[in-house]
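A short write-up of the structure that comes next.
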Amino acid sequence: MNKLQDIPFSVLDLAPIAEGRTAADSLRNPLDLAQHAERWGYRRYWLAEHHNMPGIASSATSVVIGHVAAGTKSIRVGSGGIMLPNHAPLMIAEQFGTLESLFPGRIDLGLGRAPGSDQPASRAIRRGFGSDGSDFPEQLAELRAYFDPEAADSRPPGVRAIPGEGLNVPIWLLGSSGFSARLAGQLGLPFAFASHFAPDYLLPALHLYRSSFQPSGVLDKPYAMVGLSAVAADSSEEARRLATSSQQQALSLIRGRPGKLKPPVDSMEELWSPQERALVLGRQQYAVVGDKAAVLERMQQILEETEADEWIIASQIYDHAARLRSYEILAEVLQK
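When the sequence shown is numbered by the numbering used here, its final residue is 338 and no position is left out of the sequence of numbers.
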C-alpha cells in the first residue's frame, strides 16, 4: 500500500464560469492556478473537453493547454480529457504533436470516449466525421499509430502526423465505467477514473483495470489515477459552505438545466428536495470537504479503498482566491 504522502497529486480544471462572470473572466484563471500549482508541487495540470455547457470554458481544450503550458515551466499540462470520438485522430495527433514540439516532455494526452456534451451539441460536433464511440478502440489505434513511425498498418496509407510522428506523448485512458478500464488494462496504458462523475463504479473499474492489465512498452505494471472532487478551507465549516457551489451545480445537472457556477450558500435545504439531496450526495460520496485534519483523514480512507497511484483533484469553487487556497491546503496535506 502506498503512503498518502508518497503519491503524486495533480489538478483537473474544468475552467468553471462563475455566475456574473464571462468565459473571458474564467479563462484568466487557469494560468494563475497552474502557476501556483507548479510552485506547490502538483505534478500535472489537466483541462477537460466539454461543449454546450454554460458553466465550462475549456471547450477548445488544446488551445487552453497551450496557453497554460506557455506560462509555466515544469508542471505537465494535458487533457483530462479529449473526447476522441468528437475528432479525427489525425487532428488530435497533430495538435498534441504541436504541443509536445513547443513544450517538450511536458504534454499528456488523456482520452475519453463520451461526447462531453448533450445530444444536440454531440450531433453538431460529430456531423460528417465523428462517431458514437463504438469504434473508440480503432480510433485509439489509429491515433497511437500517428506517433509511431513503425505502425503504418494502423493508419490510412500515406498519411502521417507532422508534427507528431516519432514524438513521445503519453496517452492515458479516462473513464467512468468498465469499458476504458478494461481497454487500458489490455493495452498496458495508464488509467484515470472520474469518481466525481460515477462513484459507484470506482472500485469495480479499478479492479477490472488491474485484473486485465497486460505489461506493455508503456508500463510494466498498472498505474491508476483517481479523480476526486475536493474543497478545503481553513475551517471545515467554511469548506462545507464553499462546497455548496458544486452541490448547486450537480443539482442543476440532475434537473437538466446546467448553468454557471453559483455563489455558495449557508444552507442547501431550501434548494433541493429530499430525493434530490440523496442523488447529489450519492454522486459526491468520494468528495473530500473540510479543513486540513478532515481532508487528511478522508484521503487516507480513500487511499485504503482504492490503492491509488496518483490523485487528480477537481475543485469547483466560486471564488478564485478561495479555490487557490483550497489547492494550497491540499498540497500541504499531501506533502506533510
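Glycine included, C-beta positions come from ideal geometry on N, C-alpha and C.
Would you give the residue range spanned by the alpha helix (DSSP H) that Ala280 belongs to?
Pro276 to Arg285
Please confirm whether Ala163 and Glu96 have their CB atoms less than 7 Å apart.
yes
Find the nearest neighbour of Leu104 within the set Thr74, Ser218, Asp321 and Gly82, judged by alpha-carbon distance.
Thr74
Report the three-state DSSP secondary structure of Pro192 (helix, strand or coil).
coil
Taking only runs that begin and end inside the region 228 to 309, name each unbroken alpha helix (DSSP H) of 4 or more residues, in chain order.
238 to 244, 246 to 256, 276 to 285 and 294 to 308
For the alpha helix (DSSP H) holding Val70, just list the boundary residues, first then last.
Thr63 to Ala72
With distances taken from CA atoms, which of Gly180, Ser182, Glu271 and Leu145 is nearest Glu167?
Leu145
Quick one, are the C-beta atoms of Gln318 and Ser214 less than 7 Å apart?
no
Return the residue from the list Leu189, Ala71, Gln141 and Ser60 that minimises the CA-CA distance to Met93.
Gln141
Please state the DSSP three-state secondary structure of Pro2.
In the structure displayed, the chain extends from 3 to 338; residue 2 sits before or after that span and is not available.
Which residues mark the beginning and the end of the beta strand (DSSP E) in which Arg46 is found?
Arg46 to Leu49
Roughly how many angstroms separate the alpha carbons of Asp222 and Ile173, rounded to a whole number?
15 Å
Cutting at 6 Å between CB atoms, please list the residues of its own chain near Arg300, excluding the five before and the five after it.
Residues of the same chain with a CB within less than 6 Å of the CB of Arg300, apart from the 5 flanking positions on each side, are Val290 in chain order.
Please classify His209 as buried or exposed, where buried requires at least 16 other C-beta atoms within 10 Å of its C-beta.
exposed
Ends of the beta strand (DSSP E) at Leu111?
Here the beta strand (DSSP E) through Leu111 covers Ile109 to Gly114.
Could you spell out where the beta strand (DSSP E) holding Asp15 opens and where it closes?
Phe11 to Asp15
Given a threshold of 16 other Cβ atoms within 10 Å of its Cβ, counted over all protein chains shown, does Asn88 qualify as buried or as exposed?
buried
Output needed for Pro139: all residues of its chain with C-beta closer than 7 Å, excluding positions within five of it in sequence on either side, in chain order.
Leu185
Going by DSSP in three states, Leu336 sits in which element: helix, strand or coil?
helix
Taking buried to mean at least 16 other C-beta atoms within 10 Å of its own C-beta, is Gly107 buried or exposed?
exposed
Going by beta-carbon coordinates alone, are Gly112 and Gly82 separated by less than 7 Å?
yes
Taking a contact to mean a Cβ-Cβ separation below 7 Å, would you say Leu6 touches Leu332 in this structure?
no
Helix, strand or coil: how does DSSP classify Ser28 here?
helix
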